[in-house]
Amino acid sequence: MKRGTFLKTLGFGTVSTLAGGAILSSCMNHDMATMTPTVAPDVLEGNFTTSLPFPETSLTGTALNAGSQNITTITGKNTQAWGYKNGILGPTFRIQSGSTVSIPFTNGLTEETNIHWHGLLVPAAMDGHPDQMVMPGKTFNYSFKIDQRAGLSWYHPHPHEKTGKQVFMGLAGLFIIESAEEKALNLPTGAYELPLVIQDKRLNTSGEIDYSPTMDEVMIGYMGETIIVNGVQSPFHNVATRTYRLRVLNGSNGRIYNLALSNGNAFTVIGSDGGLLPAPETVTDLLLAPGERVDLLVDFSKSALNSEVYLLSNVFSGVNSQGRQAFKIVKFVVNKAETDSFKLPTSLPAIAPISSSATTKTRTFDIGVGMGTSGGHGGSMAMKGMHTINGKVYSGERIDESVPLNSTEIWEFNNSAGDEPHPMHLHGTFFQVVSRTGGRSRLIASEKGLKDTVLVMPGEKVRIIIKFTNAGKFVFHCHNLEHEDDGMMLNFEVK
Ligand code: C2O
Ligand code: CU
Ligand code: CU
Numbered sequence: 002m003k004r005g006t007f008l009k010t011l012g013f014g015t016v017s018t019l020a021g022g023a024i025l026s027s028c029m030n031h032d033m034a035t036m037t038p039t040v041a042p043d044v045l046e047g048n049f050t051t052s053l054p055f056p057e058t059s060l061t062g063t064a065l066n067a068g069s070q071n072i073t074t075i076t077g078k079n080t081q082a083w084g085y086k087n088g089i090l091g092p093t094f095r096i097q098s099g100s101t102v103s104i105p106f107t108n109g110l111t112e113e114t115n116i117h118w119h120g121l122l123v124p125a126a127m128d129g130h131p132d133q134m135v136m137p138g139k140t141f142n143y144s145f146k147i148d149q150r151a152g153l154s155w156y157h158p159h160p161h162e163k164t165g166k167q168v169f170m171g172l173a174g175l176f177i178i179e180s181a182e183e184k185a186l187n188l189p190t191g192a193y194e195l196p197l198v199i200q201d202k203r204l205n206t207s208g209e210i211d212y213s214p215t216m217d218e219v220m221i222g223y224m225g226e227t228i229i230v231n232g233v234q235s236p237f238h239n240v241a242t243r244t245y246r247l248r249v250l251n252g253s254n255g256r257i258y259n260l261a262l263s264n265g266n267a268f269t270v271i272g273s274d275g276g277l278l279p280a281p282e283t284v285t286d287l288l289l290a291p292g293e294r295v296d297l298l299v300d301f302s303k304s305a306l307n308s309e310v311y312l313l314s315n316v317f318s319g320v321n322s323q324g325r326q327a328f329k330i331v332k333f334v335v336n337k338a339e340t341d342s343f344k345l346p347t348s349l350p351a352i353a354p355i356s357s358s359a360t361t362k363t364r365t366f367d368i369g370v371g372m373g374t375s376g377g378h379g380g381s382m383a384m385k386g387m388h389t390i391n392g393k394v395y396s397g398e399r400i401d402e403s404v405p406l407n408s409t410e411i412w413e414f415n416n417s418a419g420d421e422p423h424p425m426h427l428h429g430t431f432f433q434v435v436s437r438t439g440g441r442s443r444l445i446a447s448e449k450g451l452k453d454t455v456l457v458m459p460g461e462k463v464r465i466i467i468k469f470t471n472a473g474k475f476v477f478h479c480h481n482l483e484h485e486d487d488g489m490m491l492n493f494e495v496k
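Just so you know, we're using our numbering here: the sequence shown kicks off at 2 and counts up by one.
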């Protein structure tokens with residue numbers, strides 16, 4: 002979508018004849034200040050009659066091919082989606098920490114794409130930086146050694162200005178790392194471990210996925226009315242009266258979910274982006290922003306046989322555009338009596354806190370809507386994007402932050418003046434969340450482990466601490482994919 006089109010929508014008329022970026026910038030600032038994001042479209046719940054599918058599992062590297070796929074899964078109608086193998090999404094990799102994987106990737110689309118391994122600590126050359134495109138018809142071999150804790154990561158395309166569209170069309174998949182350390186905990190596994198990719202889709206009248214953001218939808222993120230899990234709308238899954246491990250990814254472009262159970266029961270958060278938390282925490286609801294993952298234990302022995310329990314998104318506050326509506330995501334039918342001897346270990350593998358006394362630098366980033374508030378971008382700034390980091394929009398030509406290898410830094414994301422949520426994500430590293438001031442003023446359960454994405458709500462300032470041990474050029478950005486595509490992304494180089 003072209004900026005000129007946006008301006009016309011706003012009633013700017015013949016903006017293309019305006020030469021002065023400064024003039025344009027100031028009048029747009031004025032307009033932006035009075036523009037309230039609209040409420041996200043209502044969710045349409047289905048009947049929860051389709052059985053929940055699981056993407057095929059790959060225990061080693063397997064070839065991926067981005068392409069258009071005929072699927073019947075979303076509404077029961079025949080439609081086209083994008084995927085990496087068979088159908089929408091891609092296989093779930095399940096790989097032992099310590100092993101090397103090789104994944105030949107072919108771009109079967111008619112536009113450039115690539116793969117970013119979100120949450121995998123891979124070398125910069127394998128990270129799927131927006132510089133590293135695979136052209137249509139070409140193949141690139143992603144190969145790397147997995148050398149990190151067990152946890153749930155994922156993969157998706159990362160072409161600048163097209164990530165939102167490509168993910169929305171269906172390109173994404175899970176990457177589970179296993180380890181002996183985690184295995185020793187005897188967490189629920191096999192049929193009792195459920196990987197769940199939660200996304201929203203907008204479908205046109207013929208049931209096809211429709212990605213066509215309006216001006217407002219670039220502002221707030223593109224939100225579909227149809228909630229899908231593992232590619233299927235409103236699915237159900239039969240469970241037994243015992244504890245299940247739910248491994249959940251929010252793979253949506255812009256929608257935040259406030260996960261809860263329909264019976265109001267508590268559930269236990271045992272992990273997040275970077276694997277297990279140092280201590281489990283029991284909650285009754287949990288916010289999950291785009292790009293984030295959580296590892297949950299749900300005890301269905303607390304539910305009567307033949308009862309139904311929905312995983313919901315509950316209402317939440319603090320955002321203009323979403324959270325006002327509760328809706329169902331997936332139905333669990335408790336239809337089998339089983340006893341289970343599972344007991345959660347009282348201690349989980351420790352995570353050494355990164356000591357702030359080792360910090361050599363604090364960087365602050367004002368995030369949100371702003372037009373050319375910092376110098377160096379001139380008139381082109383105003384035409385480029387409205388979502389900025391320190392007043393800048395993405396440029397592939399520029400290194401925005403230079404970070405010494407092995408240094409420890411505090412980064413602060415300041416959304417004090419903003420009115421939109423921004424899930425901020427760093428490539429190439431995990432971090433720990435130090436503090437949140439303003440807004441919710443506290444860390445939630447899933448933020449007490451290793452993170453790669455952290456939600457910064459309007460009015461909030463979030464500080465994270467990072468030890469940069471992975472050399473190279475990486476991006477950090479808002480994981481609301483419309484914000485990212487609008488330019489809310491910068492480069493940092495570790496060397
Ligand atoms: Cu999942 Cu750069 O992102
Ligand atoms: Cu990433
Ligand atoms: Cu954002």
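A virtual CB, placed ideally from N, CA and C, is assigned to each residue, including glycine. All figures in this text were calculated on a predicted structure; none of them were measured in a lab.
By DSSP, does residue i sit in helix, in strand, or in coil?
i: MET490; result: strand
i: GLU194; result: strand
i: VAL219; result: helix
i: GLY440; result: coil
i: LYS332; result: strand
i: LEU482; result: helix
i: PHE301; result: helix
i: ALA353; result: coil
i: MET387; result: coil
i: ALA125; result: helix
i: ALA418; result: coil
i: LYS184; result: helix
i: ALA241; result: strand
i: ALA327; result: coil
i: SER253; result: coil
i: GLU209; result: coil
i: GLY225; result: coil
i: GLU461; result: coil
i: ALA338; result: coil
i: SER447; result: helix
i: ALA290; result: coil
i: ALA261; result: strand
i: ALA280; result: strand
Can you tell me whether residue i sits near ligand 3, meaning its C-beta is under 7 Å from at least one heavy atom of the ligand?
i: ASN251; result: no
Within the same chain, show all residues whose beta-carbon is closer than 7 Å to that of residue i, passing over the 5 residues directly before and after it, in chain order.
i: ASN108; result: ALA67, THR114, VAL135, MET136, PRO137, GLY138 and LYS139
i: SER100; result: ILE147
i: LEU53; result: VAL230, ASN231, VAL233, PRO236, PHE237, HIS238 and VAL331
i: ASP487; result: VAL219, GLY386, MET387 and HIS388
i: GLU483; result: GLY165, PRO214, GLU218, VAL219, GLY222, TYR223, ASN254 and GLY255
i: ALA34; result: Residue confidence for ALA34 is low, a pLDDT of 42 falling below 50, so the modelled location carries little weight and cannot support an answer.
i: SER308; result: VAL335
i: PRO42; result: MET224 and GLU226
Is the closest heavy atom of ligand 1 to the C-beta of residue i under 7 Å?
i: GLY292; result: yes
i: HIS159; result: yes
i: VAL198; result: no
i: LEU117; result: In the sequence as displayed, the identity of residue 117 is His instead of Leu. Checking every heavy atom of ligand 1 against the Cβ of HIS117, one is found closer than 7 Å.
i: HIS426; result: yes
i: LEU476; result: According to the sequence shown, residue 476 is Val rather than Leu. Checking every heavy atom of ligand 1 against the Cβ of VAL476, one is found closer than 7 Å.
If I measure Cβ to Cβ from residue i and keep anything under 6 Å in the same chain, skipping five residues before and after, which residues do I get?
i: PRO506; result: The structure shown does not extend to residue 506, since the chain is modelled only from 2 to 496, so the question has no answer here.
i: SER403; result: GLU494
i: SER302; result: THR242 and ARG243
i: PHE145; result: VAL123 and MET127
i: THR111; result: PRO137
i: PHE317; result: ASN259 and GLY324
i: GLU461; result: ASN416, ARG437, GLY439 and GLY440
i: ASP311; result: Checking the sequence shown, residue 311 turns out to be Tyr, not Asp. Excluding residues within five positions, the ones whose Cβ falls inside 6 Å are SER263, LYS329 and LYS332.
Do we get a CB-CB distance below 8 Å when we pair residue i with the residues of chain C?
i: LYS452; result: Looking at the structure shown, chain C is missing, and only one protein chain is on hand.
Excluding five sequence neighbours on each side, which residues of the same chain lie with their C-beta closer than 8 Å to the C-beta of residue i?
i: ARG364; result: GLU402, GLU410, ILE411, TRP412 and GLU413
i: ASN471; result: LEU122, PRO124, ALA125, GLY429, THR430 and VAL495
i: LEU444; result: VAL434, SER436 and ARG437
i: ASP132; result: GLY397 and LYS474
i: HIS161; result: PRO131, TYR395, GLY397, ASP486 and MET490
Report task. Pull every residue with its beta-carbon under 5 Å away from any heavy atom of ligand 2, and keep them in chain order. Result -> Here the residues come out as HIS119 and HIS428.
**Report entry** Ranges of the alpha helix (DSSP H) found wholly within the stretch 137-172, counting only runs of at least 4
**Finding:** Entirely contained in the stretch 137-172, the alpha helix (DSSP H) runs reaching 4 residues are, in chain order, 164-169.
**Report entry** Within the stretch 33-113, ranges of the beta strand (DSSP E) (whole runs, at least 3 residues)
**Finding:** Listed in chain order, they are 65-72, 80-84, 93-97 and 101-108.
Query raised in the report: In chain order, what residues place their C-beta within less than 5 Å of a heavy atom belonging to ligand 3?
Result: Counting only heavy atoms of ligand 3, the residues whose C-beta sits closer than 5 Å to one of them are, along the chain, HIS423, CYS479, ASN481 and HIS484.
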